[in-house]
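Everything on this sheet refers to the single structure shown next.
Residue numbers (the working numbering): 392 to 687.
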């Protein structure tokens, strides 16, 4: 993998966690997104010169937070913040944030971000579209292709969704148990679409798009930890695992797709298959079949 490809992959993988933390900090989608984008631009300049950070997510959160504060103060006509190297030592700050990223508080950032994007005040199509844009960082063109609509129409859909979130005063707290269950189907659909965006690709794009599949699986596992008795979340997680287990065998040496019956099964991930089948078995015991369980 080239240096720039690694940087792109690292930023994509860190995006949900970084965006979730920045949203919690600024409580505004546009400010959080602008702060993250500025951090990404600085990463593209800094990382090739100084080497990759110990924790890309922590680096992006720290730099994005400082950038966002600077932008907010400028809008308020206050004195701008100094550059991040004048605020504190970047390495020390990055290390401090990295130590806290493993806590439940930071894990919940991602779920909170998902639930805000999939808020019931938004139509289902807007929920999924804005989540794909904000959480996963897919381009408008990629999302439009997934929905089989024009790029300009999708741009308008996402803009309307973000405006609706702002106008509705959507709370930035993690919902309680009852409200979580009500929003679960929309979040599950978004996770499934994220996986499909990474899975439905050609051999040349596969390495760069693989983080989408991995992120979707990670988000599905997070949902499963929060909804341990929900059979459809078990089915969703199983479906993603069983599909991703075959990833190394999907293309031949010339880049052509290999049909399932012709794939080299020795390349399949036995660990993922075993985990997926165990989840399917556990889900079916609940006797509440759903589309994800059936597909798995």
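We put the beta carbon where it would ideally sit given N, CA and C, even for glycine.
What three-state label does DSSP hand residue i in the structure shown?
i: residue 563; result: coil
i: residue 642; result: strand
Taking C-alpha atoms, which residue in the options lies nearest to residue i?
i: residue 582; options: 409, 630, 552; result: 630
i: residue 669; options: 627, 539, 501, 394; result: 627
i: residue 671; options: 659, 621, 639; result: 621
i: residue 538; options: 528, 520, 554; result: 520
i: residue 523; options: 585, 665, 447; result: 585
i: residue 395; options: 426, 442, 409, 427; result: 442
i: residue 573; options: 507, 400, 448, 455; result: 507
i: residue 666; options: 437, 398, 612, 413; result: 612
i: residue 635; options: 656, 615, 590, 646; result: 590
i: residue 405; options: 516, 543, 639, 527; result: 527
i: residue 407; options: 393, 428, 617; result: 428
i: residue 399; options: 552, 603, 549; result: 603
i: residue 413; options: 402, 580, 425; result: 425
In chain order, what residues of the same chain have a beta carbon less than 8 Å from the beta carbon of residue i, not counting five sequence neighbours either side?
i: residue 440; result: none
i: residue 643; result: 649
i: residue 415; result: 500, 503, 563
i: residue 663; result: 632, 633, 635, 636
i: residue 409; result: 427, 430, 448, 451, 452, 455
i: residue 607; result: 582, 583, 585, 586, 589, 631
i: residue 541; result: 535
Could you pull out every residue in the same chain whose Cβ sits closer than 6 Å to the Cβ of residue i, ignoring the five residues on either side in sequence?
i: residue 419; result: none
i: residue 559; result: 512
i: residue 422; result: 459
i: residue 652; result: none
i: residue 417; result: 423, 459
i: residue 679; result: 622
By Cβ distance below 7 Å, which residues in the same chain neighbour residue i in space, the five residues on each side in sequence not counted?
i: residue 673; result: 625
i: residue 529; result: 523, 588
i: residue 637; result: 654, 659
Give me the Cβ distance between residue i and residue j, rounded to the nearest whole Å; I'm assuming they're in contact under 8 Å.
i: residue 505; j: residue 569; result: The Cβ separation is near 17 Å, so there is no contact.
TODO: Could I get the ranges of all uninterrupted alpha helix (DSSP H) runs contained in the segment 396-464, with 4 residues as the minimum, in chain order?
DONE: Qualifying alpha helix (DSSP H) stretches, in chain order: 420-441.
- [ ] Only counting runs of 3 or more residues, tell me where the beta strand (DSSP E) segments fall wholly within the segment 504-530, in order along the chain.
- [x] Here no run is fully enclosed.
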